[in-house]
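Residue numbers (the working numbering): 27 to 327.
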């Protein structure tokens with residue numbers, strides 16, 4: 027691997043050729059940043075699809091074999107599987123390799139890396155591209171997936187500053203808007219703005235389905251219901267792992283939400299229309315201000 031001013035990689039090994047891993051490989055190829063891409067995965071059929079789509083050039087039977095001589099490795103497996111992958115590849119990693127993951131929670135993967143990577147821990151730059159879709163899998167991968175999307179890097183004290191700089195440049199080169207934060211702050215933040223909303227959507231839809239008249243209710247559902255419950259269609263395996271690995275922060279946010287819901291229920295029971303309006307207006311004004319600020323940030327103003 028060359029220095030960060032000449033961003034180029036000879037061999038990328040993608041472990042987990044799904045939506046994110048496949049899109050990363052396609053983006054790296056489209057940007058001309060890599061000479062060869064090797065794919066690793068459990069499904070031969072999926073690897074064949076990744077090869078047919080041009081995401082990978084070849085596939086190998088094991089992660090340990092795939093990372094040999096790689097100067098860039100992306101671990102794109104479910105968070106709960108990451109530790110076993112790191113353990114498998116540790117002895118085969120090159121001394122100067124840039125090793126990244128793309129997990130949606132960071133403290134678990136960082137703890138796993140500290141447990142198993144040993145001398146290769148400085149090579150690890152934890153990453154989280156905020157670029158998912160409702161539809162997963164290599165069939166939905168695209169080279170532009172990370173364009174204008176936030177990519178969060180969560181380095182630890184042992185992370186090699188040179189490799190961190192290269193990781194920042196790499197994600198920027200394929201369109202990402204890179205930010206850095208601690209693993210702890212990352213998990214607390216995303217429990218609030220992503221993980222809890224998914225939990226609420228799952229629970230709310232289940233409550234409607236479980237009602238004796240639920241099927242009739244769903245026939246009457248309009249755009250508001252569709253907007254609110256869209257994320258309830260998310261991948262169950264992915265979200266099982268996210269809610270489990272970040273359960274402490276999710277439960278903290280759930281308690282805060284219960285307090286906010288209790289406040290609404292209290293004033294509704296009391297029949298206090300003014301208080302109901304005040305709570306709604308607080309949310310409505312806050313949402314509007316956030317939307318304006320978000321639009322300004324995206325436009326660069």
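Each residue gets a CB set at the ideal place from its N, CA and C atoms; glycine is no exception.
Handout entry: Anticipated Cβ contact below 8 Å, residue 200 with residue 176, distance rounded
Key = With a Cβ gap of about 13 Å, residue 200 and residue 176 do not count as contacting.
Would a C-beta distance cut-off of 9 Å place residue 93 and residue 134 closer than the cut-off? no
Any chance you could list the alpha helix (DSSP H) runs of at least 4 consecutive residues sitting entirely within the region 227-305, in chain order? 240-245, 249-255, 262-271, 273-296
Grab the span of the alpha helix (DSSP H) containing residue 216 for me, first residue to last. 209-216
Would you call the region 241-254 and the region 297-305 in contact, with 3 or more CB pairs under 8 Å?
no
Look at the alpha carbon of residue 82 and the alpha carbon of residue 51, and state the distance between them as a whole number of angstroms. 7 Å
**Message:** My output table needs one value for residue 81: the three-state DSSP class, helix, strand or coil.
**Reply:** coil
| field | 7 Å Cβ shell around residue 11 - same chain, five flanking residues per side excluded | value | Because the chain here runs from 27 to 327, residue 11 falls outside it and cannot be looked at.
### Message
Beta-carbon within less than 6 Å of residue 206's beta-carbon, same chain only, minus the 5 sequence neighbours each way: which residues are those?
### Response
179
Discussion item. My output table needs one value for residue 318: the three-state DSSP class, helix, strand or coil.
Written reply: helix
Taking the DSSP output, what are the residues bridged to residue 43? Looking at the DSSP assignment, residue 43 forms no beta bridge with any residue, so it has no partner.
Measuring alpha carbon to alpha carbon, tell me which residue in 161, 129, 115 is nearest residue 143. 115
I'd like to confirm the pairing. Which residues does DSSP put opposite residue 158 in its beta bridges?
In DSSP, residue 158 forms no bridge with anything.
Could you tell me the distance, in whole angstroms, from the CA atom of residue 39 to the CA atom of residue 259?
30 Å
query = Are the CB atoms of residue 80 and residue 73 nearer to each other than 9 Å?
reply = no
- Query: Rounded to whole angstroms, how far is the Cβ of residue 48 from the Cβ of residue 76, which I believe are closer than 8 Å?
  - Reply: 6 Å
field: residue 121 - DSSP class collapsed to helix/strand/coil
entry: coil
Does the Cβ of residue 270 have 16 or more other Cβ atoms within 10 Å, making it buried, or fewer, making it exposed?
-> exposed
| task | Could you have a look at residue 74 and say whether DSSP puts it in helix, strand or coil? | result | helix
For residue 152, write down the residues that DSSP places opposite it in a beta bridge. 127
### Task
Please state whether DSSP places residue 133 in a helix, a strand or coil.
helix
Can you list, in chain order, the residues of its chain with a C-beta nearer than 8 Å to that of residue 276? Leave out the 5 residues immediately preceding and following it.
217, 221, 222, 225, 269
Exposure of residue 292, with buried meaning 16 or more beta-carbon neighbours within 10 Å: exposed
Given this structure, state the Cα-to-Cα distance separating residue 61 from residue 97, to the nearest angstrom.
11 Å
(request) Under 6 Å Cβ to Cβ from residue 209, same chain only, skipping five residues before and after it: list those, please. (result) 132, 133, 136, 180
query: Can you name the residues that DSSP bridges to residue 176?
result: 203
Residue 118 beta carbon less than 9 Å from that of residue 90: yes
Worksheet entry | Span of the alpha helix (DSSP H), counted from its first residue to its last, around residue 163 | No alpha helix (DSSP H) contains residue 163, which DSSP labels as neither H nor E.
Can you give me the C-alpha to C-alpha distance between residue 171 and residue 238, rounded to a whole angstrom?
41 Å
TODO: Return yes when the Cβ of residue 264 is within less than 9 Å of the Cβ of residue 130, no when it is not.
DONE: yes
Check residue 184 in the structure and name its three-state DSSP category.
coil
Exercise. If you count every other CB in all the chains shown that lies within 10 Å of the CB of residue 281, and 16 or more means buried, which is it?
Worked result: exposed
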